[in-house]
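Numbered per this note's numbering, the sequence shown spans residues 4 to 397. Glycine included, C-beta positions come from ideal geometry on N, C-alpha and C.
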Amino acid sequence: MLEGKKIILGVTGGIAAYKMTSLTRLLVKEGASVQIIMSPEAVQFVSPLVLSTLSNNQVLIHLHENNQWNNHIELATWADLMIIAPATANTLAKAAHGLSDSLLLATFLSKKSNIMFVPAMDEDMWLNPITQKNIDILTSLDHDILPVGEGFLASGIEGKGRMLEPEEIVLYVKENYGRTKSMSGKKILITAGPTQESIDPVRFISNHSSGKMGIALAETCYENGAEVQLILGPTHLKPIYKGIEVVSVATAEEMKVACDIYFNEVNIIFMAAAVADYKPMTRSSQKIKKIEEELELTLCKNEDILKGLGLKKKEGQVLIGFALESENEIENALAKLKSKNLDFIVLNSLKDEGAGFGYDTNQVTLINKKGDKFQSDLLSKKDIANFILSHLFS
Ligand code: PMT
């Protein structure tokens, strides 16, 4: 997701510097070009050779090296983003007051925007009002200061001041600096996961949907710059990005209410949830006792949420349904496309190995209003989301 992004990773002299090997590897894996600049103190904590190998780039340390001047202005202009991690109390203080006694700080002072500090220090240093004041100065200048974690610190005490883990830093970079604009301005509504229809206070009717397919769609739309509203049935999963708005629901009725609230203001709607078609006619207020040999449950139909949305679809809105079929797949999917007034339907066949409920992978046939069919390979659910989006906008 960071393909083509040019990132300077400024490493300063704290014990957490050793974690920059992982951070560098993760940034490179995401497709970023990484240029590492170390403070002279940082080389005591992590080897420049390791970082240069992992970043595929020479590590820069001093303003003058090998009889050459390292041009901090060019470096600052080259970079889309400068991450200073770990940012020690000393570096934060120098940065807040404009000191420029290293290549790293000179590059920071030459860079006009997109600067991110990832603090790491002992709790006393972190809580010291001087450090907090320096952070206020940097924040007021629009620099991005990430929070610190709490836990075991290098000094042996437990407390605040731990640097965020490399995975958390990369997630932050992706969410705040990595989103593309191909879907910016678009508002998307997505349903995902199962619904649960109560029989009594301890039992319910549901299905095996994990929510993975809908969540993958939500994350992909969000990565492409869209505003995403996710209506999520009961699942232990959630999207990785904080910016995706999630409304948690349990029953089909709750899912319908949530969809109705957002429907009017969105441009594209993906209904990936596996909504229970039936619910118990009555819900027992007490746990049903195990007395009889047989127990009869009377079920009644849940309202078809998608059909209702199809009826009130406005000009310009794109409505995409999903269909999970076990036989006559194409025929059944086409019937749903028509009867629910959809623009597209994404067909899942229960016959496909590794596809559908619960898997990390999926295989689908996307069908448009004209009946054109686009068959995917077995791909990760994220790639299926990209496959669907690529055909929607082609
Ligand atoms: O969540 P995962 O584990 O990742 O699995 C993904 C998935 C298999 C659930 C997903 O890819 C999928 O196929 N979702 C649709 C499953 C389904 O319920 O299909 P259906 O053929 O019963 O429903 C057709 C469409 O009507 C669906 O868009 C459904 O959301 C919608 N519907 C159904 C019933 C109802 N009462 N209201 C609805 O809106």
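For a test of the three-state rule: what should DSSP assign to residue i, helix, strand or coil?
i, result
"A68", "Reading off the sequence shown, one finds Glu at residue 68, where the question assumed Ala. Strand at E68."
"T110", "helix"
"Q38", "strand"
"D127", "helix"
"R206", "strand"
"F266", "helix"
"N335", "helix"
"V140", "The sequence shown places Ile at residue 140, rather than the Val named in the question. Correct three-state label for I140: helix."
"P51", "helix"
"F396", "coil"
"A88", "strand"
"S58", "helix"
"P242", "coil"
"V46", "helix"
"P197", "strand"
"L314", "helix"
"P283", "strand"
"S25", "helix"
"K304", "strand"
"S342", "helix"
Pull up the CB-CB distance for residue i and residue j, whole angstroms please, since I reckon it's below 8 angstroms.
i, j, result
"Y281", "C303", "7 angstroms"
"I11", "A82", "4 angstroms"
"L220", "I193", "5 angstroms"
"E153", "G162", "7 angstroms"
"H211", "G361", "6 angstroms"
"L57", "V31", "7 angstroms"
"R286", "S209", "That belief does not hold up - the Cβ atoms of R286 and S209 are roughly 14 angstroms apart, past 8 angstroms."
Short of 6 angstroms in beta carbon distance, which residues of its chain neighbour residue i, apart from the five on each side in sequence? Order them along the chain.
i, result
"S329", "L353"
"M119", "I86 and D147"
"P237", "Q199 and A253"
"N70", "none"
"L95", "N137"
"A323", "Checking the sequence, you will find Ile at residue 323 rather than Ala. Cβ within range, chain order: F273 and F347."
"L327", "N351"
"Q232", "L192, E248 and Y265"
"G17", "P89, T91 and A123"
"K97", "L108"
Once the 5 residues before and after residue i are set aside, which same chain residues still bring their CB inside 7 angstroms of it?
i, result
"S25", "P169"
"M258", "T194, T198, I234, G236, V252, A276, V278 and I308"
"M186", "C224, N227, G228 and A229"
"V367", "V349, L350, N351, S379 and I387"
"G246", "E178 and Y225"
"N267", "none"
"L240", "S213, G214, K215 and I218"
Give me the DSSP bridge partner(s) of residue i.
i, result
"K9", "S36"
"D147", "M119"
"M216", "According to DSSP, M216 bridges with nothing at all."
"I323", "F273 and F347"
"Q378", "T368"
"F360", "Partner(s): none; F360 has no beta bridge."
"G154", "G162"
"I191", "V231 and I271"
"V250", "I234"
Leaving out five residues before and five after residue i in sequence, what residues of the same chain have Cβ atoms less than 8 angstroms from its Cβ?
i, result
"G181", "M4, L5, K8, E33 and E226"
Check whether the Cβ of residue i lies closer than 7 angstroms to any heavy atom of the ligand NAP, and answer yes or no.
i, result
"I191", "Absent from the structure shown: the ligand NAP. Ligands present: the ligand PMT."
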